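Peer 1:
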Amino acid sequence: MRDNCADPARHPLPWLALAVLLAYLNAFSGSFQFDDYKVIVDNPAVHSWDAWFAELGHGIRPLLKFSYTFDWTLGLGIAGFHLTNLLIHLTNVWLVLRLCETFIPNNPLANSTRLPLCKRGRACEGAEGDFCFRATSKSPLTPLFASWATNRPSLPTPIQRGEYPATTQFMANGQSGFIEQQLLRERLRAVPLFAALLFAVHPAHTEAVTYICGRSASLMTLFYLGGLLAYAEGRTRENSFMLYMTTPLLFVLALSVKETAVTFPLALLIWELCLRKRRGAWKTAFKAQWTSWAVLLCGALYFLFNDSYLSQMERSAEFNAPQGNLATQLTAFAWLMRQWALPLWLNIDPDLPLLRDLSESLLPLVFFGSIFALMLACWRKRPWLGFALAWAILHLLPLHLFLPRLDIANERQLYLAGWPLFLALAAELALRLDARSFRIACIALLFALGSLTLLRNQVYVDEIALWEDTARKSPHKARVHNNLGYAYKLAGRTGDARREFILALRLDPKHAKARHNIDQMEKAP
């Protein structure tokens with residue numbers, strides 16, 4: 069008999085912690101980078117608790133600054149910042165596991181006959197006392213979901229108690245049908261763990277974990293996913309406290325880390341509609357979510373009357389016209405999806421074009437249209453895929469359509485947007501592959517992604533390494549060469565620094581920082 073203690077799906081936390089540790093062990097050698105100096109190192113507002121309290125109510129992102137102040141006053145140096153980032157990431161990995169465990173057994177299959185469970189003692193339909201199902205569905209997924217109905221591990225009970233998707237597996241006579249059903253059950257049980265492990269080691273997440281200022285994405289994600297899990301648990305257990313107190317409280321905390329958490333009520337709506345495909349779902353959803361929508365309204369009023377946020381929104385509104393911004397964000401969406409699917413050219417400062425007309429982004433428009441059509445097609449027949457695409461669209465596209473920004477896209481956006489894509493990938497592999505092939509695919513993917521993460525962490529070892537890597541991938545971006553030149557200057561490599569500053573000015577003659585840096589070098593004795 070197999071030892072259940074050694075089963076990763078039954079005891080996932082040690083395996084998740086091991087994966088995070090192995091993937092990010094070399095992250096502790098990383099230094100402060102890029103915005104870390106402006107936000108943390110050279111910012112006295114996060115160097116003491118008195119300064120943090122004095123800033124409270126005037127600046128933005130108070131809870132994020134609280135975390136920076138905590139690490140700074142702890143006195144562990146940059147190692148303390150890395151440790152906090154790693155603990156935040158591990159917590160998010162666990163939240164992804166719990167959400168995947170909640171999503172899979174609670175999502176009804178399309179085109180499956182759902183009949184009440186019955187108990188029969190007929191030997192032809194199973195051993196005495198076994199559950200049996202009367203099935204008419206031909207969906208290839210019904211065996212997977214039916215397996216959750218019997219002897220599944222400690223996961224949330226299905227929403228519609230007493231009903232389970234029908235399956236043909238239990239109608240099969242003989243031992244072979246039972247064995248096949250058991251194998252399918254084992255593979256499905258591994259899907260949440262595999263999805264969480266993929267999330268743990270994906271190299272695109274290094275910008276949110278290894279890069280200290282990437283904490284704005286990871287810490288916001290912690291409260292965001294925590295709120296979603298509280299909502300899901302509250303709906304399943306019919307717990308009013310979790311729905312109307314815990315969920316909106318976590319939403320408020322997410323907003324206090326990063327204002328992009330405003331999408332949270334829409335995320336709840338997507339979750340609700342994906343899990344409850346029946347008439348009146350919208351009305352039921354709003355009844356369960358009204359406190360979160362009220363928080364959104366209050367947050368919007370706060371942002372409008374807060375000078376820091378208002379000035380930021382005014383600058384964004386002047387940055388690009390609506391049509392040009394739509395074209396730009398469609399290009400950014402396509403680039404981010406490529407970074408998720410093929411993370412071989414990770415870049416902290418990508419050189420994406422600022423477009424002015426929709427005709428300049430025809431290919432990204434076709435790509436987005438295809439993704440949207442696939443989402444609609446899969447919404448019922450493959451709900452995990454439909455949910456994953458809807459979630460990605462929500463978190464990668466709409467927000468920045470209304471708030472344009474100088475940095476068109478960055479990889480830490482994938483941290484919150486990508487976790488359902490891992491769930492969809494794991495579910496599809498479990499469906500299409502036999503048990504042995506599924507295990508091989510899991511191990512191969514985890515090894516490949518983990519290796520890429522280790523390699524990417526090495527780029528953050530110092531500023532020169534980071535900006536040399538970025539200059540190879542964004543050779544025509546003036547800011548990249550200016551930053552590389554400044555890193556050379558700090559290291560005493562004045563010749564290399566001068567070369568990079570000159571190159572930055574050739575690419576952008578109006579680049580003020582590059583002009584200032586080269587003037588300072590010329591004035592130096």
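First residue of the sequence shown: 69, per my numbering; consecutive thereafter. All C-beta atoms in this analysis are idealised placements derived from N, C-alpha and C, irrespective of residue type, glycine included. Because the structure is a prediction, the values reported are computed rather than measured.
What are the boundary residues of the alpha helix (DSSP H) that includes Ile-570?
Peer 2: Counting along the chain, the alpha helix (DSSP H) containing Ile-570 begins and ends at 562–575.
Peer 1: For Asn-525, I'd like the list of residues in its chain whose CB is within less than 7 Å of its CB, leaving aside the five on either flank, ordered along the chain.
Peer 2: Once the five neighbours on either side are set aside, the close Cβ partners of Asn-525 are Tyr-92, Asn-94, Ala-95, Gly-98, Thr-274 and Thr-278.
Peer 1: Could you name the residues of the same chain whose beta carbon sits closer than 7 Å to that of Trp-487, not counting the 5 residues immediately before and after it, in chain order?
Peer 2: Hits under 7 Å: Val-164 and Phe-267.
Peer 1: For Gln-407, which of helix, strand or coil comes out of DSSP?
Peer 2: helix
Peer 1: Got a sec? Which residues, its chain only, sit under 7 Å from Asn-415 by beta carbon, not counting five neighbours each side?
Peer 2: Thr-538, Lys-541 and Ser-542
Peer 1: Tell me which residues share the same chain as Phe-569 and place their Cβ nearer than 6 Å to its Cβ, disregarding the 5 neighbours each side in the sequence.
Peer 2: The residues are Gly-553, Ala-582, Asn-585 and Ile-586.
Peer 1: Please go through the same chain and pick out, in chain order, the residues whose beta-carbon is closer than 7 Å to the beta-carbon of Asp-419, but skip the five residues on each side of it.
Peer 2: Ser-542, His-544 and Lys-545
Peer 1: By Cβ distance, which residues of its chain are closer than 6 Å to Ser-136, with the 5 residues on each side in sequence left out?
Peer 2: Position check: residue 136 holds Tyr in this sequence, whereas Ser was assumed. These residues qualify, in order along the chain: Ile-108 and Val-114.
Peer 1: Entirely within the segment 257–310 and at least 3 residues each: give me those beta strand (DSSP E) ranges in chain order.
Peer 2: Correct list: empty.
Peer 1: Tell me whether Pro-418 sits in a helix, a strand or coil according to DSSP, three-state version.
Peer 2: coil
Peer 1: Just mark Tyr-370 as buried or exposed, buried being the case when its beta carbon has 16 or more other beta carbons within 10 Å.
Peer 2: That one is exposed.
Peer 1: Using a threshold of 8 Å, state whether the C-beta atoms of Leu-404 and Gln-481 are closer than that.
Peer 2: Less than 8 Å divides the Cβ of Leu-404 from the Cβ of Gln-481.
Peer 1: Between the C-alpha atoms of Trp-117 and Thr-328, what's the straight-line distance to the nearest angstrom?
Peer 2: 26 Å
Peer 1: Using a 10 Å radius around the Cβ and a threshold of 16 neighbouring Cβ atoms, would you call Gln-397 buried or exposed?
Peer 2: buried
Peer 1: Is Arg-166 helix, strand or coil by DSSP?
Peer 2: For Arg-166, the secondary structure class from DSSP, reduced to helix, strand or coil, is helix.
Peer 1: Does the beta carbon of Leu-86 come closer than 8 Å to any beta carbon on chain D?
Peer 2: In the structure shown, chain D does not exist; there is a single protein chain.
Peer 1: Roughly how many angstroms separate the alpha carbons of Ala-441 and Trp-413, rounded to a whole number?
Peer 2: 28 Å
Peer 1: Excluding sequence positions up to five away, which residues of its chain have a Cβ less than 6 Å from the Cβ of His-468?
Peer 2: Non-local C-beta neighbours of His-468 in its own chain, meaning closer than 6 Å and more than five positions away in sequence, comprise Gln-397, ordered along the chain.
Peer 1: For Leu-497 versus Ala-485, is the C-beta distance shorter than 8 Å?
Peer 2: no
Peer 1: Kindly confirm or deny that the segment 350–359 and the segment 276–293 touch, where touching means at least three C-beta pairs closer than 8 Å.
Peer 2: No: fewer than three Cβ pairs fall under 8 Å.
Peer 1: Hey, could you find the ends of the alpha helix (DSSP H) Trp-452 is sitting in?
Peer 2: 451–464
Peer 1: Does the beta-carbon of Pro-432 have 16 or more other beta-carbons within 10 angstroms, so that it is buried, or is it exposed?
Peer 2: Burial of Pro-432 is indicated by the presence of at least 16 other C-beta atoms within 10 angstroms of its C-beta.
Peer 1: Specify the secondary structure class of Tyr-92 as computed by DSSP and reduced to three states.
Peer 2: In the three-state reduction of the DSSP assignment, Tyr-92 falls in the helix class.
Peer 1: Can you list, in chain order, the residues of its chain with a C-beta nearer than 7 Å to that of Ala-483? Leave out the 5 residues immediately preceding and following it.
Peer 2: At residue 483 the sequence reads Tyr, which differs from the Ala that was named. The answer, listed in chain order, is His-273, Ala-276, Ala-285, Ser-286 and Thr-289.
Peer 1: On a CA-only basis, which of Ala-460, Pro-451, Leu-337 and Gly-145 is nearest Ile-439? Give me that one, please.
Peer 2: Ala-460
Peer 1: Could you say which of Ser-427, Ala-400 and Ser-360 lies nearest to Gln-391 if we only look at CA atoms?
Peer 2: Ser-427
Peer 1: Determine the DSSP secondary structure at Lys-557, reduced to helix, strand or coil.
Peer 2: helix
Peer 1: Which same chain residues end up closer than 7 Å to Pro-316 when comparing Cβ atoms and leaving out the 5 residues on each side of it in sequence?
Peer 2: Thr-359, Ser-360 and Val-363
Peer 1: Can you tell me the Cα-Cα spacing of Trp-535 and Leu-523, whole angstroms?
Peer 2: 15 Å
Peer 1: Spatial neighbours of Leu-124 within its chain, please: CB distance less than 8 Å, with the 5 preceding and 5 following residues excluded, ordered by chain position.
Peer 2: Pro-130
Peer 1: Taking the alpha carbon of Arg-561 as the reference point, which residue from Leu-489, Met-589 and Val-161 has its own alpha carbon closest?
Peer 2: Met-589
Peer 1: Rounded to whole angstroms, what is the Cα-Cα separation between Phe-121 and Leu-151?
Peer 2: 24 Å
Peer 1: Ordered along the chain, which non-local residues of its own chain (more than five positions away) have a Cβ less than 7 Å from that of Ala-559?
Peer 2: Ile-532
Peer 1: What does the alpha-carbon distance come out to for the pair Ser-429 and Leu-491?
Peer 2: 30 Å
Peer 1: Return the chain-ordered list of same chain residues with a C-beta closer than 8 Å to the C-beta of Leu-444, the five sequence neighbours on each side being excluded.
Peer 2: Gly-454
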